[in-house]
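Asker: Pasting in a structure now, in structure tokens, and then I'll have a few things to ask.
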Ligand SMILES: [Zn+2]
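Numbering (the numbering used here), first residue to last: 672 to 1004.
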């Protein structure tokens, strides 16, 4: 079935039908959401999971975007949203979430080579303490542990013998952890790392970017934005906790980079939704100009800049082309 589906997609793409349909849609842009680009994705799969693009695929995707689409900066897309400034057809904005060191070491040289501007949303506590966002730490602990069982907060015992048992226990832990922020979150993770005797931070301290690397991104014309302090699900936090995540991350990045931080990205761990009218209002009051979500779709003139949709880039060049052409043709992807 998969091959028939692929054949059908290829045939439709080759026919130009979607491209033709897209020409009749209103002015719009696609914001693509990346996380990590690695030379050897298998090396970090127990921590980062499925969010890694291989370097050759990422390079091929950027080459295609530079050739067949119009990569633009987030700031230019904002001018379109606010003032109706015209955009080239098939405009695409590149974004990265979380702040992995590979964004600077692997992705940036490729972006610069093809003159593709990007926005990098970083989790400030992870930058400052050299530790990956909590989903990676929990995934690593549940995948690598040699302990046979785990007892959750409701005293339920989970066996950890088979991979699917481990995955189920990991997902339960995520549902709890995503509602925590700051020190409460850190204590929750530490308890699990100790109980499972598996700690990602013991293995590596080089997964995240540092402030020097962030400064270099901005020197090359890229944008740095906030992805909170501690990567919680903002919709599930108390009001003061959510405000702290928005305000502290903005203030610390501004102090370190010497520039105004205007852009925010909502973490999307575990539970749904991952943003709310309240968090949108909070971000506006605190001075953010845009916020991106993981809701799927294009951005169009008149959208609220503080809760913008994005598209998944997929893990293949043709898959990315399909998602873009479908979206520009007005189809849901
Ligand atoms: Zn994230």
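For each residue, glycine too, the CB sits at the ideal point set by N, CA and C.
Identify the residues that DSSP records as bridge partners of residue 930: which are they?
Answerer: None; residue 930 has no bridge partner.
Asker: Can residue 743 and residue 981 be called in contact, C-beta distance under 8 Å?
Answerer: no
Asker: Ordered along the chain, which non-local residues of its own chain (more than five positions away) have a Cβ less than 7 Å from that of residue 985?
Answerer: 991 and 994
Asker: Please determine whether the Cβ atom of residue 834 lies at a distance below 7 Å from any heavy atom of ligand 1.
Answerer: no
Asker: Taking a cut-off of 6 Å, which residues have a beta-carbon closer than that to any heavy atom of ligand 1, in chain order?
Answerer: 768, 769, 804, 898, 902 and 938
Asker: Leaving out the 5 sequence neighbours to the left and right, which residues in its chain are closer than 8 Å to residue 847 when beta-carbon positions are compared?
Answerer: These residues qualify, in order along the chain: 823, 824 and 859.
Asker: With a 10 Å radius around its C-beta and 16 neighbouring C-beta atoms as the bar for buried, classify residue 727 as buried or exposed.
Answerer: exposed
Asker: Whole angstroms is fine: what's the gap from residue 1011's alpha carbon to residue 741's?
Answerer: Lying outside 672 to 1004, the shown extent of the chain, residue 1011 is not represented and no answer is given.
Asker: Grouping DSSP H, G and I as helix and E and B as strand, with all else coil, what is residue 828?
Answerer: DSSP, reduced to helix, strand and coil, places residue 828 within a strand of the structure shown.
Asker: Rounded to the nearest angstrom, what separates residue 764 and residue 935 at their Cα positions?
Answerer: Residue 764 and residue 935: Cα-Cα distance of roughly 14 Å.
Asker: Tell me which residue opens and which closes the alpha helix (DSSP H) that residue 750 is part of.
Answerer: 745–754
Asker: Determine the direct distance from the alpha carbon of residue 925 to that of residue 806, and round the result to whole angstroms.
Answerer: 26 Å
Asker: Got a sec? Which residues, its chain only, sit under 8 Å from residue 738 by beta carbon, not counting five neighbours each side?
Answerer: Within the same chain, residue 738 has no close Cβ partners at all.
Asker: Please report how far the alpha carbon of residue 881 lies from the alpha carbon of residue 798, in whole angstroms.
Answerer: 6 Å
Asker: Hey, how far is the Cα of residue 812 from the Cα of residue 917?
Answerer: 28 Å
Asker: How far does the beta strand (DSSP E) with residue 785 in it reach, from first residue to last?
Answerer: Residue 785 -> no beta strand (DSSP E), and no H or E assigned at all.
Asker: Tell me which residue opens and which closes the beta strand (DSSP E) that residue 981 is part of.
Answerer: 979–981
Asker: Tell me the residue span of the beta strand (DSSP E) that contains residue 764.
Answerer: Where residue 764 is concerned, the enclosing beta strand (DSSP E) stretches over 762–769.
Asker: Using the beta-carbon count (16 or more within 10 Å), is residue 794 buried or exposed?
Answerer: buried
Asker: Is it true that the segment 764–773 meets the segment 830–850, where meeting means three or more beta-carbon pairs spaced less than 8 Å apart?
Answerer: no
Asker: Whose CA, out of 792, 907, 978 and 819, lies closest to the CA of residue 900?
Answerer: 792
Asker: List the endpoints of the continuous beta strand (DSSP E) containing residue 700.
Answerer: 699–705
Asker: According to DSSP, residue 742 sits in a beta bridge with which residue or residues?
Answerer: 763
Asker: Going by the DSSP bridge assignment, what does residue 879 pair with across the sheet?
Answerer: Beta-bridge pairing links residue 879 to 771.
Asker: Over what stretch of residues does the beta strand (DSSP E) that includes residue 965 continue unbroken?
Answerer: 961–967
Asker: Does residue 962 pass the burial test, meaning 16 or more other C-beta atoms within 10 Å, or should it be called exposed?
Answerer: buried
Asker: Exposed or buried, residue 817, counting other C-beta atoms within 10 Å across all chains shown (16 or more means buried)?
Answerer: With fewer than 16 other Cβ atoms within 10 Å, it is exposed.
Asker: Excluding the five sequence neighbours on either side, which residues of its own chain have a C-beta within less than 8 Å of the C-beta of residue 695, listed in chain order?
Answerer: Confidence at residue 695 is low in this model, with a pLDDT of 45, below 50, so the placement of that residue should be treated as unreliable; the coordinate-derived value is given next. Cβ neighbours of residue 695 beyond the five flanking positions: none.
Asker: Measuring alpha carbon to alpha carbon, tell me which residue in 949, 699 and 827 is nearest residue 843.
Answerer: 827
Asker: Between which residues of its own chain and residue 877 is the CB-CB distance below 7 Å, once the five residues before and five after are set aside?
Answerer: 772
Asker: With 16 other CB atoms within 10 Å as the buried threshold, where does residue 950 fall?
Answerer: By the 10 Å Cβ count, residue 950 comes out buried.
Asker: Is DSSP giving residue 936 helix, strand or coil here?
Answerer: strand
Asker: Are residue 810 and residue 802 close, meaning C-beta to C-beta below 8 Å?
Answerer: no
Asker: Excluding the 5 residues flanking residue 733 on each side, which residues of the same chain have their C-beta closer than 6 Å to its C-beta?
Answerer: 781, 785 and 787.
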